[in-house]
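Trainee:
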Amino acid sequence: MIHSIDKKDLHIGISACLIGEKVRFDASNKPSNFCIKELGQHVTYKSFCPEVAVGLPIPRPTIRQIKTDNLISVARPDGTGDVTEALSAYGKKVASMTKHLSGYVFCAKSPSCGMERVKVYSPEGNALASDGIGAFAKEIMLANPSLPCEENGRLNDPLIRENFVARIYAYKHWQNLVASGLTKHKLTTFHSQYKYTVMSHDLVAYKKLGQLLASADMSLELMAETYIAGLMAALKIKATRKMHANTLAHIQGYFSKHLKSNERQELCQQIDAYRKGLIPLFAPLTLIKHYLLQYPKDYLSKQAYLSPYPDELRLRYAY
Ligand code: SF4
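Residue numbers (the working numbering): 89 to 407.
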C-alpha cells in the first residue's frame with residue numbers, strides 16, 4: 089500500500105507557531121487545527137521559527153518586507169533591525185540540513201515564513217503590493233523546488249488540502265525509492281503505480297513522463313531528477329471533477345469485462361453522479377475498491393490513486 093508509511097518516518101517541516109509554539113511577535117501562537125489534530129496524527133513535525141532562530145526576542149517589535157530600489161529587506165517598519173541576510177542564511181542552513189523532509193507547512197503572510205502573497209511596503213510605510221515571499225521560506229523552496237509546500241490558510245480549502253497531502257505521500261514514496269537504490273526498472277514500476285494519479289491532474293504530463301522514461305540517451309540520474317520534477321509539478325495542478333471522472337472511467341474500463349452488467353451500470357451511475365457534483369469522490373472509489381476485492385487486479389491494486397494516503401484523513405469526502 090502506498091500510504092503505509094509510519095508516522096515516525098514521515099517528517100514534515102512547519103512554522104513553529106502553527107503547532108502551538110508561542111513564538112510570534114506578541115508571544116502568541118497560531119495553531120492550525122488541521123495540522124495538529126488531523127495531519128499531525130500521521131506525520132512527525134520538525135518545527136522552525138526563523139525569527140527566533142536569528143536572535144529576535146519573544147515578544148519583539150513587528151517586522152515587514154520593505155522595498156527600496158527593487159531590493160526587498162525584512163526589517164522594522166522604520167527600517168531598523170534589518171534581518172534579511174540572517175533569515176536567508178538560516179533558510180539555506182535549514183534547507184541543507186533537512187533533505188529528508190517530505191513537505192513543509194508555512195505560516196501565511198509572514199515576512200519570514202510566507203510562501204507567497206506577503207505584503208510589501210515602501211520605506212515610507214505605504215503598502216505597495218502583496219507579492220512578496222518570506223525570506224526564510226524562499227530559501228527552503230529554492231533549495232528543493234520539488235518539496236511539497238503549502239500555507240496554513242490555503243489548507244482550509246478541501247481541494248488544496250487533499251492535493252498537498254497526496255503530494256507529501258507521493259514525494260515520500262519517491263524518497264524511499266531513491267534511498268533503496270534507484271534502477272531503471274524501479275523507476276518504470278514507480279511511474280506505472282502513479283499512472284491514474286497523474287492522469288487525474290494532467291493528461292499531457294502523464295504522456296510526457298512516459299516519453300521521458302523511454303529516452304535511451306539519458307543517464308539514470310538525470311532521468312530521475314527530471315522525472316520527479318515533472319511528477320511533482322503535475323501533481324500540483326488541481327485535479328478537477330472532470331479529470332477525476334475521466335480517470336475513474338479509465339479504471340472502470342480496465343476491469344469492466346469482469347463486472348456483471350448491473351455492477352457495471354451501478355459504477356457508471358456513480359461516476360456520472362460524481363462528475364455532476366452530486367456525490368464526493370469517496371463514493372465511486374469505494375465501489376471500485378469493493379469490486380477490486382471481488383475481481384482482483386494486481387496492477388490496479390497497486391495504483392497510488394486508490395490509496396494515496398491514510399483513509400482516516402477523510403480527504404476525499406469533501407469534494
Ligand atoms: S517567524 Fe514563522 S514560525 Fe516564527 S512566529 Fe513568525 S510565522 Fe511563526
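No residue lacks a Cβ here, since even glycine has one placed at the ideal position from N, Cα and C.
1) At a threshold of 6 Å, does proline 138 count as lining the ligand SF4 (C-beta to nearest heavy atom)?
2) Between glycine 222 and cysteine 201, how many whole angstroms is the CB-CB distance? I'm expecting something under 8 Å.
3) Taking DSSP as the reference, what is the three-state secondary structure of glycine 202?
4) Under the three-state reduction of DSSP, which class applies to glutamate 173: helix, strand or coil?
5) If you measure from the CB of arginine 242, is any heavy atom of the ligand SF4 nearer than 6 Å?
6) In the DSSP assignment, the alpha helix (DSSP H) including threonine 276 goes from what residue to what residue?
7) If you draw a straight line from the C-alpha of serine 268 to the C-alpha of threonine 277, how long is it?
8) Locate the beta strand (DSSP E) running through serine 161, then write down its first and last residues.
9) Could you name the residues that DSSP lists as bridge partners for lysine 155?
10) Is alanine 104 near the ligand SF4 - that is, is its Cβ less than 6 Å away from at least one heavy atom of it?
11) Out of Ile151, Pro398, Leu403, Glu309, state which residue places its alpha-carbon closest to the alpha-carbon of isoleucine 72.
12) Note down, one range per segment and in chain order, each beta strand (DSSP E) of at least 3 residues found wholly within the region 193-250.
13) Can you tell me whether threonine 418 is buried or exposed? The criterion is at least 16 other CB atoms within 10 Å of its CB, across all chains shown.
14) Take glutamate 204 and list the residues in its own chain whose beta-carbon comes closer than 7 Å to its own, dropping the five residues that flank it on each side.
Mentor: In short, the structure shows the following:
1) yes
2) 5 Å
3) coil
4) helix
5) no
6) 272-281
7) 14 Å
8) 159-163
9) Ile160
10) yes
11) Any question about residue 72 goes unanswered here, given that the chain covers just 89 to 407.
12) 206-209, 215-220, 237-239
13) Past the boundaries of the shown model lies residue 418; the chain is included only from 89 to 407, so the question cannot be answered.
14) Ile221
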